[in-house]
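To start, the structure itself, in structure tokens.
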Amino acid sequence: MAGLFETVVPATDEVRAAYAYLGAVTERPTAQLWDLVDTVGPVEARDRIRRKQVPEGLADQTEARRDVVDGAGLLDDAHRSGARLLVPGDPGWPDWLVAPLDRPRGRRRDGTGGVPTALRPLGLWWRGPADPATALGRSVAVVGTRAPTAYGRAVTADLSAGVSAEDFTVVSGGAFGIDAAAHRAVLGAGGVTIAVLAGGVDRLYPRGNDSMLRQIAETGAVISEQPPGTGVTRYRFLDRNRIIAALTSATIVVEAAARSGALSTAAWAAALERPVGAIPGPVTSVASVGTHLLIRDRGAVLIGRTADVVELAGDMGETAAPPSGGTSTWDGLDDVTRRVLEALPTTGGVAPAEVAASAGIPPSTTRAVLGRLMSTGAAVRGSQGWRRSGGGGVQMSLSVG
19 MAGLFETVVP ATDEVRAAYA YLGAVTERPT AQLWDLVDTV GPVEARDRIR
69 RKQVPEGLAD QTEARRDVVD GAGLLDDAHR SGARLLVPGD PGWPDWLVAP
119 LDRPRGRRRD GTGGVPTALR PLGLWWRGPA DPATALGRSV AVVGTRAPTA
169 YGRAVTADLS AGVSAEDFTV VSGGAFGIDA AAHRAVLGAG GVTIAVLAGG
219 VDRLYPRGND SMLRQIAETG AVISEQPPGT GVTRYRFLDR NRIIAALTSA
269 TIVVEAAARS GALSTAAWAA ALERPVGAIP GPVTSVASVG THLLIRDRGA
319 VLIGRTADVV ELAGDMGETA APPSGGTSTW DGLDDVTRRV LEALPTTGGV
369 APAEVAASAG IPPSTTRAVL GRLMSTGAAV RGSQGWRRSG GGGVQMSLSV
419 G
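For reference, each letter of the sequence shown is one residue, going 19 to 419 in this note's numbering.
Below is the structure:
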């Protein structure tokens, strides 16, 4: 897939050390830093920063750390904890997932406009045996409050084990509450789960989840944008949320208060045009206020079972089960579903963004409808993208709310 890293330099040891330096020399990736890397490559970008031969804005951003960061030393630290640095150019680097991070913040080539402080990462510190391409190629985020109810824990466990059984990787933040419930359910089911940390992968946090995080690192992966030795801060948790949203096909919020960090992850997913699902709770539950807001005001899809998540995230099988029933007609389709179905070709295939543009439907809604169409056999997704099934349509009644 063509992308921002289409012509990257192969990840030699020097390139990897340069990316390690660049990922640590600023607190967050910035537009100016990425512009320099895109223009001259990671090694020359590192050397120019060290020589102070960079524009004034970037010089200010890197001044505090440019002489103290040691890229090769960070790689050694990672190696001692059983981790490695995944960088652009590596097999499995998730370019197709993280490249859209440049868009939501209004990045401009001159470094002005928007809030260019949270772009695609310069590398991901990866601790664990999971293969990045395989694990991230079919993944879903499950997030929520650190103080869940018994209902929230039970729903999280059932849902996470269920999507794991459907061969999805479950990604979460390793925190107490819903995050831990999701991770533990997948571990118990023998599936693959990834914990995205706000600090270094050699400093597992929170300490109370140390045993769980070590088990994740032994069976799946514990990953971070932050270099080894980095502690956690509030803003690093918020930055971490964008990574969770970017690395997954859909984000599911189980329980969240009105001011929950999980809503930040959902906001990032929406900004990246990834579908968001939310699980409703009792109307009297403070822990479900945030999920109800997502459903009512922010276009989140109501999730009630594992199949809803599979549809939302996109079950990317080459074929779909044939529809039940006799004649196939377009009777009973709501307007949104009909427009999406009519936008699909009968041969070849198109990307969801093309379907959305043709149908005039928001991308997140389009993806949800495509999942429903596939579950009924009306649409399939092959190697070339989405297309209408050979039957030309099915009789069904679908509503996207």
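Here a beta-carbon is modelled for each residue, glycine too, at the ideal position from N, C-alpha and C. Since this is a predicted model, take the numbers as computed values, not measurements.
Flag this pair as yes or no: are the beta carbons of residue i and residue j separated by less than 9 Å?
i	j	result
ASP108	ALA172	no
VAL272	ALA284	no
THR269	TRP286	yes
ARG83	TRP143	no
ALA151	PRO112	yes
VAL188	SER182	yes
VAL373	THR384	yes
ALA280	GLY162	yes
ALA386	ARG357	no
VAL43	LEU54	no
LEU312	ALA274	yes
For residue i and residue j, what's the separation of their Cα atoms in angstroms?
i	j	result
PRO246	ARG260	19 Å
GLY100	ARG145	6 Å
ARG164	ARG277	12 Å
PRO60	LEU92	16 Å
SER401	LEU362	15 Å
ALA207	GLY226	22 Å
ASP65	TYR253	28 Å
GLY195	PRO166	6 Å
ALA289	ALA264	10 Å
ALA63	LEU104	18 Å
PRO224	LEU351	48 Å
MET414	LEU115	Residue placement at MET414 cannot be trusted, given a pLDDT of 36 that sits under 50; the coordinates are not used to answer.
ASP56	ALA49	10 Å
VAL58	LEU231	38 Å
GLY403	ILE262	25 Å
ALA77	VAL354	50 Å
Assuming residue i is part of the beta strand (DSSP E), what are its boundary residues?
i	result
SER306	Element bounds for SER306: n/a, residue is neither H nor E.
LEU40	It is not in any beta strand (DSSP E) - LEU40 instead sits in the alpha helix (DSSP H) that spans 31-43.
SER401	Neither: SER401 is in no beta strand (DSSP E) and is coded neither H nor E.
THR211	211-214
TRP111	It is not in any beta strand (DSSP E) - TRP111 carries neither H nor E in the DSSP assignment.
ALA239	239-242
Near residue i, which residues of its chain fall below 6 Å by C-beta distance, leaving aside the five closest residues on each side in sequence?
i	result
GLY238	GLY146, ALA148, VAL210, THR211, ILE212
SER178	VAL160, VAL188, ALA200, ALA203, VAL204
ASP220	SER99, PRO246
Use the C-beta contact count for residue i: other C-beta atoms within 10 angstroms, 16 or more gives buried, fewer gives exposed.
i	result
ASP95	buried
GLY332	buried
GLY124	Confidence at GLY124 is low in this model, with a pLDDT of 45, below 50, so its placement is unreliable and no value can be given for it.
SER15	Since the first residue of the chain shown is 19 and the last is 419, residue 15 is not available in this structure.
HIS97	exposed
VAL72	buried
THR248	buried
GLU1	The structure shown does not extend to residue 1, since the chain is modelled only from 19 through 419, so no value can be given for it.
GLU81	exposed
ALA168	exposed
Starting from residue i and walking both ways along the alpha helix (DSSP H), at which residues does that stretch end?
i	result
THR163	Here THR163 belongs to no alpha helix (DSSP H), and DSSP marks it neither H nor E.
ARG254	252-264
GLY206	196-207
ALA90	89-98
GLY75	74-80
Excluding the 5 residues flanking residue i on each side, which residues of the same chain have their C-beta closer than 7 Å to its C-beta?
i	result
LEU140	TYR37, LEU40, GLY41, PRO47
ASP128	Caution applies to ASP128, whose pLDDT of 39 falls short of 50 and renders its modelled position unreliable; the value that the coordinates give is listed next. Excluding residues within five positions, none has a Cβ falling inside 7 Å.
ARG34	LEU93, LEU103, VAL105
ALA371	PRO381
PHE255	ALA216, GLY279
Among the residues of its own chain, which have a CB less than 8 Å from the CB of residue i, if the five just before and after it don't count?
i	result
ILE234	GLY146, GLY192, HIS201, LEU205, THR211, ILE212, ALA213, VAL240
ALA153	THR187, VAL210, ILE212, GLY238, ALA239
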